[in-house]
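All the letters of the sequence shown, read from the start, carry residue numbers 56 to 256 under my numbering.
Built from N, CA and C at the ideal position, the CB exists for glycine as well.
Quick notes on the structure that follows.
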Amino acid sequence: MKDLLPTGALDASALDTLFLEARSQNAWQDKDIPEDVLEQLYDLVKMGPTSANCSPARFVFIRSKEAKEKLSPALSSGNREKTMTAPVTVIVCQDMEFYEKLGELFPHVDAKPWFTGSEAMITETAFRNSSLQGGYLITAARALGLDCGPMSGFDAKLVEETFLAGSTWKVNFMINLGYGEPSKVFDRLPRLKMDDACKVL
56 MKDLLPTGAL
66 DASALDTLFL
76 EARSQNAWQD
86 KDIPEDVLEQ
96 LYDLVKMGPT
106 SANCSPARFV
116 FIRSKEAKEK
126 LSPALSSGNR
136 EKTMTAPVTV
146 IVCQDMEFYE
156 KLGELFPHVD
166 AKPWFTGSEA
176 MITETAFRNS
186 SLQGGYLITA
196 ARALGLDCGP
206 MSGFDAKLVE
216 ETFLAGSTWK
226 VNFMINLGYG
236 EPSKVFDRLP
246 RLKMDDACKV
256 L
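Here it is as structure tokens:
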């Protein structure tokens, strides 16, 4: 890999940290994530590009024991233990009224009317870009030395009733954050070859 890196690319060690050696985690060391690290994490995530800088993702950091206990009933049985023992669980949300911030975030033109007349456009844009920002969060967390366990497997309605009631936020997916326990990592699963997944035209 090192010999293939183009000029200006991250070195092989950084690529290992972000992608090649990074693994989804299922168990965690008993080690807290300070709030200032979460602030650093968000400061990286917010810099990732979104369409028209719409930035629809919102993040709920579940860190306290009380909040984790409220989250527990919404989790599938296979996700409960690893989530309850993770130092932080992030609920990656999408603000369904993200367009209200476009005057601040995209001052070049009045972009709000692009969305206010179309529920389908709002839903598509919010989901696509909040998913993208969730991916940025995973990469940024790894860059800060954290491990991640992204997941579905939860009752979205219950999560929203418990944590998002009265807001315009909807849940997309969740990410457990912490310092992984290497002995509990599963063997790496296969990936598709480029010929199976890509076209170069």
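Asked	Found
Indicate whether GLY103 and VAL147 have their beta-carbon atoms separated by less than 7 angstroms.	no
Can the beta-carbon of ARG243 be found closer than 7 angstroms to that of THR72?	no
Would you identify the three-state DSSP class for ARG113, choosing helix, strand or coil?	strand
Is DSSP giving MET206 helix, strand or coil here?	strand
Return the Cβ separation of VAL145 and GLY233 in integer angstroms, given the expectation that the two are a contact with Cβ distance under 8 angstroms.	In fact, because the Cβ distance is near 11 angstroms, the residues do not count as touching under 8 angstroms.
Along the alpha helix (DSSP H) that carries GLY158, what are the first and last residues, could you check?	157-160
Assuming TRP83 and ALA141 make a contact with CB atoms under 8 angstroms, what is their CB distance in whole Å?	5 angstroms
Name the two residues that bound the continuous alpha helix (DSSP H) containing THR180.	174-198
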